[in-house]
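One structure below.
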Amino acid sequence: MRSRLSILAAAAGVVMAAAIPVLAHHAFGGEFDPNKPVLLKGTVTKVEWVNPHAWIHLEVAKPDGTKEEWMVEGGTPNTLLRRGITKESLKIGTALVVDGYQARDHSQLRANGRNVTFPDGRKLFLGSSGTGAPTDGADPTEGRGRGRGGQK
Amino acid sequence: MTRTMIARVVRVLAALGAAAVVVSLTATETIPRMPDGHPDLQGTYDLATLTPLERAAGSSLVLTDEQAAKLERQAAQQVATGDAPLKADRSAPPLGGDGSIGAAGNVGGYNRFWLDPGSHYTMLDGQRRASILIDPPDGRVPQVTPDARQRNTRAVRATSDQQIRENDPGLEPEGSYDDPERRPLGERCLLGFASTSGPPVLPNYFYNNLHQIVQTRDSVMILTEMVHDARVIRMNAQHLPKTIRRWLGDSIGRWDGDTLVVDTMNFTDKTRFRGSTENLHVVERFSRVDARTVRYQFTVEDPATWTRSWTGEYAWPATKDLIYEYACHEANYALEDILRGARLKEKETKR
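As C-alpha cells, then:
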C-alpha cells in the first residue's frame, strides 16, 4: 500500500511542480470524503470496463440483512488489457473486500477502490484463482503477459 | 613523386573510399528508411521510464551502472510490495483521511495493479539518464517569471479559509470545483495529464504511455493512447494564422538531414503546459538511434512563463504491445462525483 501511495505521490510531485494545483490528474480528494471510511464485503454484480476509471459494482449485505449495491472506482482498464486481463476476468459473483472512502455526496453508494482484494487479502488480478486471468504472476516462470517480455 | 608512390597513394585512397562506402552502407542498413529515403520513424513506442523530467540539484545527468541498477531494484521492490497481499481481516481506512498527498488527495488512490510505470532509466548514447532535462545543464526547469507565478495563482483563486484547507488537505482551493470547465483537461477527457500527448511529449509515470507514429511524405501522425489524441504534423507547410488555436498546437515538420524537426505554436489558452501561455513554442527533433529506438528531443520557450528556454531528451523504445482505444468519458462518474461533492459542501457552508 505504501508503495502504491508513494508512486502516486511521486508522480503527483512531478505534476505539482508545475505550480498550478489544478493540474492534478484526478481529484480523488474532491470526489471522496476522508471522513467516511468504508470497508465493503460483497460480490461482483457488474464490471464497467471504461476510461478514465473502471467501476466494479458490488452487492453488499448490511447488518440488518438487506442488500445495497455499491460502485467502486478503479484505474484505467487499458493497462490490464495489455496483460491479457479483460472485464470477463472478474467473474460475476466473485467475493471481494474493498477499503476506501465514500463519495462526498453520501446519497451515492460509491467509493474509491483504495484496496481491492479477495477475502483472503490477495490483490485482485494478481492471484489467479477466482479471476480466470490468463497471466497472473502466480507462476514465476510465466511471462508478465502478452507482449511484455523483453520489450523495455 | 615516383610511380610506386603514386600507386601507393591510389591504393590508400581506394581503401579509404571503400571504407567510406562500407560505413555509409552500415549506417543506411541499421535504420529503416521510407521509399523517399528519409528515415522511417513508424512504430509503436512505450514511453514509460523511471527517468524523471528534472533531477535533484547538484546531481549528475548520467547514472552509473551501479546507481541505475540500485534504483531500478528499488523500483521493482516497490512494485512487489504494492502487489503483496493484505491482511484478510483488515478494517476500514482511518477516519479523517489516510494522509496520502498529491493526486491521491488524503483518501488514497487505487491498487498498484492498475498502474504500469517504467522499470528502467532511459538510455541514450549508452548512458542511463537521471533526468530528461539536459539544458539548463543543472537538469532543472528554469525559474518561472513573477508574472507567470501571479497569473497561475490567480487562475486557481486560492481560498482564504485556512481552516478548510487544514481540515481537508485533499481538497483543492475554493473555486477549482465551480464548473466542469475549471477541472483539469485530463479529468475532462480532453488531453492526457502531465503532457502525455504534448507537445512536448512526456511520460506520465502512471500508465498508458503508448504512442504510435504513422508517416507519409506529406504528414506525420502521432497517436497518443491517452486520451486518444492524434496530432497531425503537416510536412513542409506554413503555420496556420494565429487566430486558429488548437489543444495540441499547430505542428509543421521538415527534414534536417535524417532528423525530423517539428515546430509547434498556436496552442489554446487552456492547454497551459506547466503554466505556460498560449504563446508556448515547442521544437521537437525525432531521429532514429537504431531499428527499435527513436531519440526524442524537445525545446520549449515562452518568455512570459520561463526566464529562458529549456531542452529535454529521452529514448522512445519500440514495443510489440497493442494500443487500445481509450474511449474516455463514457460513464465518467468521477467528474460527476467531484462536482456533486463541491455542491454539497457549498450547501453545508451556507447553512
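Taken in order, these protein sequences are the chains called B and U. Under the numbering used here, read the first sequence as residues 645 to 796, first letter to last. Under the numbering used here, read the second sequence as residues 208 to 558, first letter to last. Quick reminder that beta carbons are idealized off the backbone N, C-alpha and C, glycines included.
Outcome for residue i when other beta-carbon atoms lying within 10 angstroms are tallied against a minimum of 16
i, result
"G244(U)", "exposed"
"S326(U)", "exposed"
"T271(U)", "exposed"
"N759(B)", "buried"
"T526(U)", "buried"
"G737(B)", "exposed"
"T237(U)", "exposed"
"Q350(U)", "exposed"
"A498(U)", "exposed"
"A263(U)", "exposed"
"A549(U)", "buried"
"A401(U)", "buried"
"G309(U)", "buried"
"E180(U)", "The question about residue 180(U) has no answer here: the residues shown for chain U are numbered 208 through 558."
"D457(U)", "buried"
"N443(U)", "exposed"
Candidates the options, of which the one nearest residue i by Cα
i, options, result
"R297(U)", "R727(B), T689(B), G757(B), P763(B)", "P763(B)"
"A522(U)", "P242(U), M241(U), L248(U)", "L248(U)"
"N695(B)", "R727(B), I729(B), P721(B)", "P721(B)"
"R441(U)", "F480(U), L467(U), V434(U)", "L467(U)"
"P301(U)", "V314(U), G309(U), D465(U)", "V314(U)"
"H697(B)", "D305(U), N318(U), S494(U)", "N318(U)"
"E432(U)", "A444(U), Q422(U), P410(U)", "P410(U)"
"L740(B)", "W454(U), L293(U), G312(U)", "L293(U)"
"D342(U)", "F505(U), Y533(U), K554(U), A255(U)", "F505(U)"
"E279(U)", "A337(U), G303(U), E485(U)", "A337(U)"
"P324(U)", "R452(U), A283(U), G333(U)", "A283(U)"
"H435(U)", "P448(U), G456(U), C396(U)", "C396(U)"
"A275(U)", "T258(U), G250(U), S494(U)", "T258(U)"
"R748(B)", "R558(U), K557(U), L546(U)", "L546(U)"
"E532(U)", "S483(U), G482(U), S494(U), L417(U)", "L417(U)"
"S516(U)", "Q357(U), P407(U), G456(U), D476(U)", "P407(U)"
Simplified DSSP state of residue i, which is helix, strand or coil
i, result
"S338(U)", "coil"
"D497(U)", "strand"
"D708(B)", "coil"
"Y317(U)", "coil"
"T556(U)", "helix"
"N722(B)", "helix"
"G744(B)", "strand"
"I545(U)", "helix"
"S426(U)", "strand"
"G309(U)", "helix"
"R515(U)", "coil"
"P300(U)", "coil"
"E532(U)", "coil"
"G265(U)", "coil"
"D354(U)", "helix"
"R550(U)", "helix"
"A295(U)", "coil"
"D345(U)", "coil"
"R502(U)", "strand"
"G289(U)", "helix"
"Q274(U)", "helix"
"N756(B)", "strand"
"P524(U)", "strand"
Chain B within 7 Å of residue i, Cβ atoms only
i, result
"D354(U)", "no"
"A522(U)", "no"
"A299(U)", "yes"
"V490(U)", "no"
"A511(U)", "no"
"L331(U)", "no"
"L378(U)", "yes"
"P292(U)", "yes"
"Y503(U)", "no"
"R547(U)", "yes"
"W517(U)", "no"
"G474(U)", "Correcting the residue identity first, residue 474(U) is Phe in this sequence and not Gly. So no, F474(U) is outside the interface."
Any chain D beta carbon closer than 7 Å to residue i
i, result
"A498(U)", "The structure shown has no chain D; the protein chains it does contain are B and U."
C-beta neighbour in chain U for residue i, strict 7 Å
i, result
"V688(B)", "no"
"D708(B)", "no"
"H701(B)", "no"
"L705(B)", "Per the sequence shown, the amino acid found at residue 705(B) is Ala instead of Leu. No, its Cβ sits nowhere closer than 7 Å to a Cβ of chain U."
"T730(B)", "no"
"K723(B)", "According to the sequence displayed, residue 723(B) carries Thr and not Lys. True, the Cβ-Cβ gap to chain U drops below 7 Å."
"V682(B)", "yes"
"K685(B)", "no"
"V742(B)", "no"
For this session: For the segment 664-701 of chain B, list the alpha helix (DSSP H) runs that are entirely contained and at least 4 residues long, ordered along the chain.
Result: Runs of the alpha helix (DSSP H) lying entirely within the segment 664-701 of chain B and spanning at least 4 residues, in chain order: 672-675.
Problem set entry | Completely contained beta strand (DSSP E) runs for the segment 451-475 of chain U, where each covers 3 or more residues | You should have 457-463, 466-472.
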